[in-house]
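Engineer:
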């Protein structure tokens, strides 16, 4: 089984997408990660869901979560108003585009698993000559790499 | 809304659990992470699904995924035979028990989200005086931290 046979369509966002909209998409579709394209339609980064939280939680609160306890309802509302109108690109950090969990269309299941383990990603993008074919989630991959292969009911 | 109200029962494994069994549990229940208890029944680590892959993918393959392409079917079979009988504890790395995505039962939703973002974890364990109450997944939490709160149909 090769990556192209396992790749499924997967919603992508762009650096121009509204940040809150991106988080809503993730929530609604229960995505394990956001795949972010740059303005040229090439994969720029894959953000695990926990990292996409930075789009709604400011960095100083991530660094000191206990501070959240003293936030009033009103202050929480302020946080979100401050985020209104910001794009995904505005909130990406330096380094978010370094190494990407991307596999070639003919990668083997074991290779896909090794890339996920290495990059600590539950999703890999599948490309063919730079063209995005779709994505493979770990949940989809796992039965194919378990000893004995996928269950055959 | 506090952590204790959002906590749900969540399967846990122990350092004594067979490693392949732990991965099968993760696959069958589609868990975003494995919560690993030590022999005293205290949370020892929370391994994201992509990191639990190390239980089936040896480290040298994670470091050089392209090597997987030259693995024969037979060699893959060897890999799994080598893992047979190993426990989760055998395969944990040094440092796996450092900082844990754990929140107190009275943590606020914003605090839980900040802990997830900080620890890069899609799951947090909820404790009350050291006692494990259950876990909160990011998918469950997200509607409660979105601006406007959870949808009320």
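Residue numbers (our numbering), protein chains in the order written: chain A, 212 to 364; chain B, 212 to 364. Here a beta-carbon is modelled for each residue, glycine too, at the ideal position from N, C-alpha and C. Computed from a prediction, not measured in an experiment: that's the story for all the values here.
From residue 224 of chain A to residue 285 of chain A, what does the alpha carbon distance come to, in whole angstroms?
Structural biologist: Near 30 Å, if we compare the C-alpha coordinates of residue 285 of chain A and residue 224 of chain A.
Engineer: Check whether the Cβ of residue 318 of chain B sits closer than 6 Å to any heavy atom of the ligand ATP, and report yes or no.
Structural biologist: Of ligands this structure carries none, so the ligand ATP is not represented either.
Engineer: Select from A:353, A:346, A:321 and A:275 the residue whose C-alpha is nearest the C-alpha of residue 241 of chain B.
Structural biologist: Closest option to residue 241 of chain B, Cα to Cα, is A:353.
Engineer: Comparing the C-beta of residue 364 of chain A with each C-beta of chain B, is any distance below 7 Å?
Structural biologist: Only weak support is given to the placement of residue 364 of chain A: the predicted model assigns it a pLDDT of 49, under 50, and the value that follows is read from those uncertain coordinates. Answer no: the Cβ-Cβ gap between residue 364 of chain A and chain B never drops below 7 Å.
Engineer: Looking at the C-beta of residue 325 of chain B, does it have a partner C-beta in chain A at a distance below 7 Å?
Structural biologist: With 7 Å as the cut-off, residue 325 of chain B counts as an interface residue toward chain A.
Engineer: Classify residue 388 of chain A: buried if its beta carbon has 16 or more other beta carbons within 10 angstroms, exposed otherwise.
Structural biologist: No answer is possible for residue 388 of chain A: the residues shown for chain A start at 212 and end at 364.
Engineer: Got a sec? Which residues, its chain only, sit under 7 Å from residue 324 of chain B by beta carbon, not counting five neighbours each side?
Structural biologist: Result list for residue 324 of chain B: 352 and 356, in chain order.
Engineer: If I follow the unbroken beta strand (DSSP E) through residue 371 of chain B, where does it start and stop?
Structural biologist: Nothing can be reported for residue 371 of chain B: it is not among the residues displayed for chain B, which extend from 212 to 364.
Engineer: How big is the Cα-Cα spacing for residue 248 of chain B and residue 247 of chain A?
Structural biologist: Approximately 35 Å between the Cα atoms of the pair.
Engineer: For a quick check, are the C-beta atoms of residue 311 of chain B and residue 266 of chain B less than 7 Å apart?
Structural biologist: The answer is no: Cβ separation not under 7 Å.
Engineer: Residue 225 of chain B bridges to which residues according to DSSP?
Structural biologist: B:248, per the DSSP bridge assignment.
Engineer: Can you give the beta carbon distance from residue 254 of chain A to residue 336 of chain A, rounded, assuming they're within the 8 Å contact cut?
Structural biologist: 5 Å between Cβ atoms; contact.
Engineer: What are the boundary residues of the alpha helix (DSSP H) that includes residue 300 of chain B?
Structural biologist: It spans 299–302 - the alpha helix (DSSP H) in which residue 300 of chain B sits, taken as one unbroken run.
Engineer: Are the CB atoms of residue 273 of chain B and residue 329 of chain A within a distance shorter than 7 Å?
Structural biologist: Cβ atoms of residue 329 of chain A and residue 273 of chain B: closer than 7 Å.
Engineer: How many Å lie between residue 364 of chain B and residue 277 of chain A at the Cα?
Structural biologist: With a pLDDT of 49 at residue 364 of chain B, under the threshold of 50, the modelled position of this residue cannot be trusted, and the question is left open.
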